[in-house]
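Structure, as C-alpha cells:
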Amino acid sequence: MSAFKLPLSGNVSQLISPWTSLFSAFGSQVGLININLGQSTAPEVEQEILEDVGSYGRQLGRIGDALTVLMKHFHPEQPLDPEEEKALRALRVMLDQIADIKVRHDRSAVRP
C-alpha cells in the first residue's frame with residue numbers, strides 16, 4: 000500500500016504522548032490532587048505537617064473553630080474602631096458560611 004501525501008506536505012513524524020493529551024486540559028497536573036507549596040523555605044517541614052498533622056483545610060478548620068470560641072468570649076477593654084468591627088463581622092460571616100457547608104455534609108460545626 001502506498002503512502003498518501005497532500006501537496007507540499009512532506010514526511011511528518013510526531014510523538015504523541017497519551018499522558019500529555021489526556022491531561023493537557025489540566026495544565027501540568029498529573030495526579031488528582033497537586034499541592035503547590037510555593038516558595039517555602041522549608042518544604043520538607045510543610046510536607047511532614049501535611050502527612051502527620053492534617054491538611055490545610057483541617058488546619059484552617061481548627062483555627063476557625065478556635066477563633067469562634069475566642070470571639071464568643073471576647074470583651075474588649077476599649078471599643079473597637081470601625082475597621083476592627085468590620086474585620087470581625089467579615090470573619091463571623093465567613094465562619095458561619097463554612098459551618099453551613101459542614102452541616103450540609105453531616106460534619107460537626109462550631110457556630111460563631
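Quick note: the sequence shown, position 21, residue 20 per numbering that gives the first Met the number 0, numbers continuous. Positions of the beta carbon are idealized from the N, C-alpha and C atoms, including for glycine.
### Message
I need the boundaries of the alpha helix (DSSP H) containing residue 99, first residue and last residue.
### Response
Residues 81 to 103.
### Task
Note the first and the last residue of the continuous alpha helix (DSSP H) segment covering residue 61.
Where residue 61 is concerned, the enclosing alpha helix (DSSP H) stretches over 55 to 71.
### Query
Could you give the C-beta distance for residue 63 and residue 97, rounded to a whole number, given that I count them as a contact under 8 angstroms?
Rounded, the Cβ-Cβ distance is 6 angstroms, consistent with contact.
### Query
When you compare only the Cα positions, how much space is there between residue 57 and residue 81?
Rounded to the nearest whole angstrom, the C-alpha separation of residue 57 and residue 81 is 31 angstroms.
### Query
Is the stretch 64 to 71 close to the stretch 90 to 108, with three or more CB pairs under 8 angstroms?
Flag = yes, the stretch 64 to 71 and the stretch 90 to 108 touch.
### Query
From which residue to which residue does the alpha helix (DSSP H) around residue 42 run?
42 to 51 is the extent of the alpha helix (DSSP H) around residue 42.
### Query
What's the C-alpha gap between residue 78 and residue 111?
Taking the CA atoms as reference points, residue 78 sits about 20 angstroms from residue 111.
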